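A.B. asks:
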Amino acid sequence: MNSLTSKHNTYRITIEETNTKAVREFQTITFEIEDREDMFAIVEKMKQSSGLDEQAATRLGVSIRLLGPLMMQDRKHPLFADFMPHFKTFMQNLKKRIKQS
836 MNSLTSKHNT
846 YRITIEETNT
856 KAVREFQTIT
866 FEIEDREDMF
876 AIVEKMKQSS
886 GLDEQAATRL
896 GVSIRLLGPL
906 MMQDRKHPLF
916 ADFMPHFKTF
926 MQNLKKRIKQ
936 S
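Counting from 1 along the sequence shown, just add 835 to a position and that's the residue number in my numbering.
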């Protein structure tokens with residue numbers, strides 16, 4: 836294990852289809868990510884300070900930690916170039932709100 840890995844948290848994300856009327860098997864997507872942030876702590880902060888209900892706050896916390904680092908890593912990619920300034924503003928406002936709570 837290299838030093839970079841030891842400084843990061845590793846998570847396994849699993850998405851399971853739970854309600855389908857199709858005549859097929861339920862689908863599952865699983866992948867692993869490394870993140871410098873504690874995703875569980877972020878989700879807890881979202882639950883306490885975002886003003887969203889528990890499920891929405893959980894979705895927000897997880898989605899921010901999935902999208903944010905990806906965009907930072909590939910910030911010059913055409914997919915992210917136009918959205919990046921808006922995401923930055925959103926994150927600044929979110930952090931400000933959480934600090935005020």
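Virtual Cβ for every residue (Gly too), placed ideally from N, Cα, C. Since the structure is predicted, the reported quantities are computational estimates derived from the model, not experimental observations.
1. Given that a residue counts as buried once 16 or more other Cβ atoms are within 10 Å of its Cβ, and exposed if not, what is Ala876?
2. On the DSSP letters alone, give me the boundaries of the beta strand (DSSP E) that Asn844 sits inside.
3. How big is the Cα-Cα spacing for Pro913 and Pro904?
4. Could you have a look at Ile861 and say whether DSSP puts it in helix, strand or coil?
5. Taking only three categories from DSSP, how would you classify Phe918?
6. Inspect the CB distances between the segment 879-891 and the segment 853-868 and report whether three or more fall short of 8 Å.
7. With burial defined as no fewer than 16 other Cβ atoms inside 10 Å of the residue's Cβ, what is the status of Glu867: buried or exposed?
8. Leaving aside the five residues before and after Lys882 along the sequence, list all residues of the same chain whose C-beta is less than 6 Å from its C-beta, in chain order.
9. Is it buried or exposed for Arg900, if we count other Cβ within 10 angstroms and need 16 for buried?
10. Taking the beta carbon of Gly896 as the centre, do at least 16 other beta carbons fall within 10 Å, making it buried, or is it exposed?
11. Start and end of the alpha helix (DSSP H) containing Lys911?
C.D. replies: So, to answer that:
1. exposed
2. Asn844 to Glu851
3. 16 Å
4. According to the sequence displayed, residue 861 carries Phe and not Ile. Note: Phe861 maps to coil in three-state DSSP.
5. coil
6. no
7. exposed
8. Glu889 and Ala892
9. buried
10. buried
11. Looking at the DSSP string, Lys911 is not in any alpha helix (DSSP H), and its letter there is neither H nor E.
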